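The numbering of the sequence shown is the numbering used here, which starts it at 19 and goes up by one.
All C-beta atoms, glycine included, are put in the ideal place defined by N, C-alpha and C.
Predicted, not measured: the structure shown is a model, and the values here were computed from it.
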Amino acid sequence: MTPSLETTALDTTRATYSFPVPDLSDEALAAVTTEIAATAAEYDRTGETPWEGLWAAHRAGLLTASVGKQFGGPGVSQRELVRILVAIGEGDASVGLLASNLLMTQAGQAAHPHWPAGYYDDLLRRSLDGPALVNAIRAEPELGAPARGGIPKTTATRTADGWLLNGHKAYGSGGPALAYHTVWVVADEPGGDPGQPRVGHLIVPGDLPGIRWVSTWDHLGLRATHTDDVIYENVELPADAFVEIPRGPDGVYRDPAAMAGPGGWGHPALYVGVARAARSAFAEFARSRVPSALGRPIAQTERIQSVAGEIDLQITQAETLLYGALLRIEAGDTAVLPQLSNVKVAIARAVIAATQTAVAALGNPGLSRHQPLERHLRDALCIRVHPPQEDTVLLASGRRVLGA
19 MTPSLETTAL DTTRATYSFP VPDLSDEALA AVTTEIAATA AEYDRTGETP WEGLWAAHRA
79 GLLTASVGKQ FGGPGVSQRE LVRILVAIGE GDASVGLLAS NLLMTQAGQA AHPHWPAGYY
139 DDLLRRSLDG PALVNAIRAE PELGAPARGG IPKTTATRTA DGWLLNGHKA YGSGGPALAY
199 HTVWVVADEP GGDPGQPRVG HLIVPGDLPG IRWVSTWDHL GLRATHTDDV IYENVELPAD
259 AFVEIPRGPD GVYRDPAAMA GPGGWGHPAL YVGVARAARS AFAEFARSRV PSALGRPIAQ
319 TERIQSVAGE IDLQITQAET LLYGALLRIE AGDTAVLPQL SNVKVAIARA VIAATQTAVA
379 ALGNPGLSRH QPLERHLRDA LCIRVHPPQE DTVLLASGRR VLGA
């Protein structure tokens, strides 16, 4: 049922629900990883929404781990959230992406409540019963990635009762499985400044009339995420569904995703999990592969041992950067903030290096669909598409160093 358009201010003073506190021990997370991994190859092959993996994460209490304590959730820390997403991503990158989008949304709502009360109550209620996915729907076919600049063509037109949403979005991970969308829009409203219109997000229930998905996703990696196009046609929303993204003091709109922030580690975390899965797949193959000319497992050769060491080095680097940045943020070290985009790029490089090294060392078996390594490589390469992207990060960093 679609919540009423009549919404009220969200009451954050008392918890309405009671969500489970997940077991985040290494053993418990490893068990969830194993359960999710059992269906990853099949979902990669079919491209269907990975419900079995999502349900495994839900049963373990992981998909509601970041619900704020004021809403009856565990309200896990950023470091705990990252550990969860590393574990899920190690099982299935597609499940990891969908879980990351949900968990980071819940964490943002816990820190700064902004959803309409009826909608957020509905999301929490659905989350008790099963996976209730949420994603920010931002990219557009003509504009491309918002972090590259510009404002959306998708419009939120002010009406007497609220807003009317119209537009065409691309790369909407989750597709029809989404319970809620947060849609990046430009406001069309009486008295607005045409030269500097308000930009923000509309909180949109996924089952409202006027939402039409277009199956466009046929990607190298993350194949089970249904990252499709979606068209909004006269979708009616309440007045408080619009959440503005403020312009800078100079009046210029700058997209928040253009720079890494202290709360945006969900995507890097899931890909660190992918690299860990590649390391495990490499080790398993090396221990079981016994060439007749060698007469013993290739894991006993110095070459393969050296390759395993290189893979491990890259993963150690990625994990140290990831958790190290979070520890510095928790300690209030503001000096790390300008470095966060660089840290994300370095993590991406390490993740890709680890998986590429594993595949290259095994030759044909590494590229065979009978082995999981090629899937891990395809998934790992997708880390590059998430903002902020490498070229913009290096340019900004270089200008900062040179004072240019």
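Exercise. If residue 131 and residue 221 are in contact, beta carbons under 8 Å, what's the gap, nearest whole angstrom?
Worked result: With 8 Å as the limit, residue 131 and residue 221 do not qualify as a contact, their Cβ atoms being about 12 Å apart.
Exercise. In its own chain, which residues sit with a C-beta less than 6 Å from the C-beta of residue 87, not counting the 5 before and 5 after it?
Worked result: Here the set comprises 93.
Exercise. Under a Cβ-count criterion, where at least 16 other Cβ atoms within 10 Å of its own Cβ denotes burial, should residue 309 be classed as buried or exposed?
Worked result: When all chains shown are included, residue 309 counts as exposed.
Exercise. Taking the Cβ atom as the reference point for each residue, do residue 163 and residue 154 lie within a distance shorter than 8 Å?
Worked result: Contact flag unset, no.
Exercise. For the alpha helix (DSSP H) that residue 73 lies in, which residues bound it at each end?
Worked result: Per DSSP, residue 73 belongs to the alpha helix (DSSP H) from 69 to 77.
Problem set entry | Three-state secondary structure (DSSP) of residue 205 | DSSP places residue 205 in strand when its eight states are reduced to three.
Exercise. Can you find at least 3 beta carbon pairs, one from the segment 229 to 239 and one from the segment 42 to 57, that sit closer than 8 Å?
Worked result: Contact fails: fewer than three Cβ-Cβ distances are below 8 Å.
Exercise. Distance, Cα to Cα, residue 79 vs residue 47?
Worked result: The alpha-carbon of residue 79 is positioned some 11 Å away from that of residue 47.
For this session: Would you kindly work out how many angstroms separate the C-alpha atoms of residue 257 and residue 245, rounded to a whole number?
Result: Near 28 Å, if we compare the C-alpha coordinates of residue 245 and residue 257.
For this session: Please determine, among 377, 82, 97, the residue with the shortest C-alpha to C-alpha distance to residue 116.
Result: Selected option, being the one with the closest Cα: 82.
Problem set entry | Buried versus exposed, by CB contacts within 10 Å (16 or more), residue 324 | Label assigned to residue 324: exposed.
For this session: Label residue 141 either buried or exposed according to how many other C-beta atoms from any shown protein chain fall within 10 Å of its C-beta, with 16 as the threshold for buried.
Result: Residue 141 comes out buried.
Problem set entry | Cross-strand partners of residue 253 (DSSP beta bridge) | 183.
Exercise. Pairing CB atoms from the segment 106 to 122 with CB atoms from the segment 281 to 291, are three or more of them under 8 Å?
Worked result: The segment 106 to 122 is in contact with the segment 281 to 291.
Exercise. So what does residue 175 bridge to, in DSSP terms?
Worked result: The partner list for residue 175 (beta bridge, DSSP) reads 182, 206.
Exercise. With residue 326 and residue 301 assumed to form a contact (beta carbons below 8 Å), what rounded beta-carbon distance in angstroms separates them?
Worked result: Rounded, the Cβ-Cβ distance is 6 Å, consistent with contact.
For this session: Can you have a look at residue 22 and say buried or exposed, based on whether 16 or more other CB atoms are within 10 angstroms of its CB?
Result: Its pLDDT being 42, under 50, residue 22 is placed unreliably in this model, and the value from its coordinates should be taken loosely. Burial check for residue 22: the Cβ neighbour count within 10 Å stays below 16, so the residue is exposed.
For this session: Let me know if residue 32 comes out buried or exposed under the rule of 16 or more other beta-carbons within 10 Å of its beta-carbon.
Result: Unreliable placement is indicated for residue 32, whose pLDDT of 48 sits below 50; the coordinate value is still reported in the next sentence. Residue 32 counts as exposed, since fewer than 16 other C-beta atoms from the protein chains shown sit within 10 angstroms of its C-beta.
Exercise. Where does residue 144 fall in DSSP's three states?
Worked result: Residue state, collapsed to three classes: helix.
Exercise. So what's residue 271 in DSSP terms, helix, strand or just coil?
Worked result: In this structure, residue 271 counts as coil in the three-state DSSP scheme.
For this session: Could you tell me the distance, in whole angstroms, from the CA atom of residue 182 to the CA atom of residue 190?
Result: About 20 Å.
Exercise. Of all the options 40, 152, 206, 408, which has the alpha carbon lying nearest to the alpha carbon of residue 166?
Worked result: Selected option, being the one with the closest Cα: 408.
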